[in-house]
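Asker:
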Amino acid sequence: LAKTTQPISMDSYEGQEVNITCSHNNIATNDYITWYQQFPSQGPRFIIQGYKTKVTNEVASLFIPADRKSSTLSLPRVSLSDTAVYYCLVGDGPRSGGYQKVTFGTGTKLQVIP
Amino acid sequence: KAGVTQTPRYLIKTRGQQVTLSCSPISGHRSVSWYQQTPGQGLQFLFEYFSETQRNKGNFPGRFSGRQFSNSRSEMNVSTLELGDSALYLCASSSAGGTEAFFGQGTRLTVV
């Protein structure tokens, strides 16, 4: 099973860059690294996905070192609306039929402070 | 493009009853997965359907079942409800061979 470890919670001030690191020592060759954002009583929302090196989209960047045993989600200039739980997932997910081989874990609860 | 739609959004049932939840995937997506989310256990995989066939199943009792129709819409059924079944039930859809899963808003089930 692809197990991930991430900090339980983080606080940040508005306008700062936030980096959330996830450890996944037993990542498999076919596994992707995916990050989701979830607000209370809503479904997780896809943020970004990567396999290796760096991936950037309009909301975040994902840094993956060469050994792929960890990854870092970077949120530039966070605002109050970024207060949410962030989940790091490792696996080939939907390609193999849902995220049945991974656990979402507790995620990282990010609190943005004014 | 419409997202994943789950109905109803909220539901209150009594112990022993059964319930059916519905999920309409993104147009063109043939894979639908279901998850249960509770404060204590987090997000847990229930099962996944692809082209009307269940491909994978999580570690849940047989009271939890599902099906998928030819238009890819999916339903999840829970029989003989227990208090512990109170949770947010989420479904996610993805395209064939895709690595991204798109989640719906969820159905909040409360068993009293």
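Chains L and H, in that order, are what the protein sequence lines are.
Anchor point for the first sequence: position 44 equals 44 in the numbering used here, and the numbering is continuous, going up by one each time.
Each number in the numbering used here corresponds to the 1-based position in the second sequence with 114 added.
For each residue, glycine too, the CB sits at the ideal point set by N, CA and C.
All of these numbers come straight from a predicted model, not from anything done at the bench.
(1) In chain order, what residues of the same chain lie with their CB nearer than 6 Å to the CB of Arg187/H, ignoring the 5 residues before and after it?
(2) For the stretch 156-193 of chain H, list the beta strand (DSSP E) runs that are entirely contained and at least 3 residues long, ordered along the chain.
(3) Within this structure, are the beta carbons of Leu75/L and Val18/L separated by less than 8 Å?
(4) Would DSSP call Gly211/H helix, strand or coil?
(5) For my contact list, Val112/L and Thr83/L are in at a C-beta cut-off of 8 Å; report their separation, rounded to the angstrom.
(6) Cβ of Gly172/H within 8 Å of Cβ of Gln151/H?
(7) Check whether the Cβ atoms of Val192/H and Arg181/H sit closer than 8 Å, and answer yes or no.
(8) For Gly43/L versus Gln219/H, is the C-beta distance shorter than 8 Å?
(9) Where does the unbroken beta strand (DSSP E) through Ile47/L begin, and where does it stop?
(10) Taking 8 Å as the threshold (beta carbon to beta carbon), is Gly218/H in contact with chain L?
(11) Take Leu160/H as the anchor and find which of Glu166/H, Pro153/H and Asn170/H has the nearest alpha-carbon.
(12) Is the beta carbon of Glu14/L closer than 8 Å to that of Val85/L?
(13) Please confirm whether Phe46/L has its beta-carbon closer than 8 Å to some beta-carbon of chain H.
(14) Could you tell me which chain H residues have their CB closer than 7 Å to the CB of Gly43/L, listed as they occur along the chain?
(15) Can you list, in chain order, the residues of its chain with a C-beta nearer than 7 Å to that of Gly142/H? Leave out the 5 residues immediately preceding and following it.
Answerer: Looking at the coordinates:
(1) Ser138
(2) Positions of the beta strand (DSSP E) runs, each at least 3 residues long and wholly inside the stretch 156-193 of chain H, are given as 156-164, 167-171, 178-182 and 188-192 in order along the chain.
(3) yes
(4) coil
(5) 5 Å
(6) no
(7) no
(8) A contact, by the Cβ cut-off of 8 Å.
(9) Residues Arg45 to Gly50.
(10) Yes - at least one Cβ of chain L is within 8 Å of the one on Gly218/H.
(11) Asn170/H
(12) Cβ distance not < 8 Å, so Val85/L and Glu14/L don't count as in contact.
(13) Yes, Phe46/L lies at the interface with chain H (some Cβ there is under 8 Å from its Cβ).
(14) Leu204, Phe217, Gly218, Gln219 and Gly220
(15) Result list for Gly142/H: Ser209, in chain order.
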